[in-house]
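Worksheet: one structure, shown below.
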Amino acid sequence: MSVLQRVLNVDVAIVGGGIAGLWLLARLRDRGYSALLIESEQLGCGQSICAQGIVHGGAKYSLHGEISESAEAIAGMPALWRRCLSGAGEVDLSSAQLLAEHQYLWATRAPTSRLAGFFASALMRSRMDKVTEKNAEAVPMALRHPAFRGTVYRLDEPVLDVASVLMAFAERYHHAIVCNQGPMVRKADGTLTLHDPGHLHPQQVIRPSVTVFTAGAGNAGLPWAPPQLRPLHMVLARGTNLPGPLFAHCLGVREVPRLTVSSHYDASGRLIWYLGGGLAEDGVRRDRQEQIRAARRELSKLLPWVDWNLVEFATFTIQRAEAHQSGGGRPAGPSVLRDGRVIAAWPTKLALAPLLAKQIEEILRSLDVRPRSTDLRVLEGWPRPGIAVCPWDWEDLAWS
Ligand SMILES: Cc1cc2nc3c(=O)[nH]c(=O)nc-3n(C[C@H](O)[C@H](O)[C@H](O)COP(=O)(O)OP(=O)(O)OC[C@H]3O[C@@H](n4cnc5c(N)ncnc54)[C@H](O)[C@@H]3O)c2cc1C
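In the working numbering, each residue carries its 1-based index in the sequence shown increased by 3.
Put into structure tokens, the structure is as follows:
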């Protein structure tokens, strides 16, 4: 039996609508390429909606005392994102919002000798201000207590409202984003066949000059580009006695933050503290109850003036998906692998999505893919994906 098919030729098909795919779509379409993004569920529903939204400027990656390759790659990102949020950057994110202008770094004790190298480095001195008595009003409300011990630094690192960023892309490029919930057949040359499970549309063949997979863990479907998955056990806290919003890395003796806190409001307007960092990395060895106990212990040590018994907690696990590294560590920057005209890409960090898109555009030029216009109206009736739900609004979370 022959199946009715339609064929659409485009410059670039992008598979996966997290931050990597969306930024690439925006960059390519703004430069005149006929780019199309295909998402199987909801935009951002992998890692992006679970990100803490910090546009790292390199601090977290320099804590071992040297300015690493990753720290240099990332150093320009806060300024680049700020330009885009003001509407004057390479993509227009003027409808998206920041949750905070600055992430803070708070050290609970005098820096160890290696951490001292970090605090002394020229790059970091230009990217953070120590909060002293002179600018004490810069101390976040949550840390303003006579019992507070430690030193506070204000980093040049804004914190994004990730859902609003995803929404900004979805609104601007909706005509070039489709949802394919059925099976997607992929040929080795990158040709894709979309199926409409509701059978309202004939099969749609997409014939791109180049196909880019930005599907996070979903890139595992490419046998030559298996991702590495690194788990995190994240914690959410809510309660009326949370001491206000906090955006901060808390530094202990180790060279990774012992706790990273970002703050959000759920759909009912309740303040949520979202806890990552060392707590989430070490927490993969703990079950839910143990992880909640560990979070309470950590918060009670760091902010003993808050009654943590009145705060409710929930946890969930999530995998970071990155390009495979021989030692299993975090890649230094964005990763791009290519097999002919098929590309697999991971930004490694949400903040690095702009760098990844730039690298992919350079590959397109090297493959002599030139912008051309294509009428996407043939896709008009196809379903469009929504935006993923933020973790603090997930219905299946168990709070206790
Ligand atoms: C808990 C956590 C906190 C983080 N915090 C930060 C932070 O504060 N700052 C920072 O810079 N980075 C942070 N990161 C890292 C950042 O979230 C990721 O690097 C980034 O979001 C990856 O984006 P992506 O688009 O590659 O993947 P994803 O966001 O995972 O998107 C992949 C998309 O592909 C879709 N997909 C999968 N398979 C298919 C398929 N077959 N067909 C079509 N679509 C498909 C998925 O549905 C999804 O929408 C954090 C990560 C985690 C897990």
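For every residue, glycine included, the Cβ atom is placed at its ideal position computed from N, Cα and C.
Simplified DSSP state of residue i, which is helix, strand or coil
i, result
"Ser5", "For Ser5, the predicted structure reports a pLDDT of 48, less than 50, and the residue's modelled location is therefore unreliable. A value from the coordinates is still provided. In the structure shown, Ser5 sits in coil (DSSP, three-state: anything other than H, G, I, E or B)."
"Lys304", "helix"
"Met131", "strand"
"His267", "strand"
"Gly279", "strand"
"Gly19", "coil"
"Arg387", "coil"
"Arg189", "strand"
"Asp396", "helix"
"Val381", "helix"
"Ala297", "helix"
"Ala220", "helix"
"Gly242", "coil"
Nearest candidate by alpha-carbon position, reference residue i, set the options
i, options, result
"Gln328", "Ala283, Ala228, Phe319, Ser271", "Ala228"
"Ala391", "Leu96, Pro143, Ala173", "Ala173"
"Ala145", "Pro386, Pro211, Asn244", "Asn244"
"Leu102", "Glu160, Glu258, Glu315", "Glu160"
"Pro337", "Ala354, Glu301, Gln322", "Ala354"
"Ser376", "Leu31, Ala324, Gly21, Leu25", "Leu31"
"Gln322", "Val165, Val142, Val287, Leu108", "Val287"
"Leu158", "Val134, Glu42, Arg175, Val165", "Val134"
"Tyr36", "Pro211, Trp311, Asp310", "Pro211"
"Ala401", "Val238, Arg34, Ala220, Val256", "Val238"
"Ala171", "Gly21, Arg373, Leu359, Gly384", "Gly21"
"Val256", "Thr318, Trp385, Thr111", "Thr111"
Residue i - containing alpha helix (DSSP H), residue span
i, result
"Ile363", "356 to 369"
"Val287", "No alpha helix (DSSP H) contains Val287, which DSSP labels as neither H nor E."
"Val165", "165 to 175"
"Trp84", "80 to 88"
One or two residues paired with residue i in a DSSP bridge
i, result
"Arg210", "Asn12"
"Met237", "Phe319"
"Ile52", "Answer is none; Ile52 lacks a bridge partner."
"Gln231", "Glu325"
"Ala463", "No answer is possible for residue 463: it lies beyond the span of the chain, which begins at 4 and ends at 403."
"Tyr107", "Arg157, Ala251"
"Ala38", "Val15"
"Asp310", "The partner list for Asp310 (beta bridge, DSSP) is empty, contrary to what the question assumes."
"Ser338", "Trp349"
Check: residue i C-beta below 8 angstroms from any heavy atom of ligand 3
i, result
"Ile346", "Inclusion of ligand 3 in the displayed structure is not the case, the ligand content consisting of ligand 1 alone."
Range of the contiguous beta strand (DSSP E) that encloses residue i
i, result
"Arg152", "That residue, Arg152, is in no beta strand (DSSP E); it is neither H nor E in DSSP."
"Val422", "Any property of residue 422 remains undetermined from this structure, which presents the chain solely from 4 to 403."
"Ala23", "Element bounds for Ala23: not the beta strand (DSSP E) but the alpha helix (DSSP H), 22 to 33."
"Cys253", "251 to 254"
"Trp349", "345 to 349"
"Thr196", "195 to 197"
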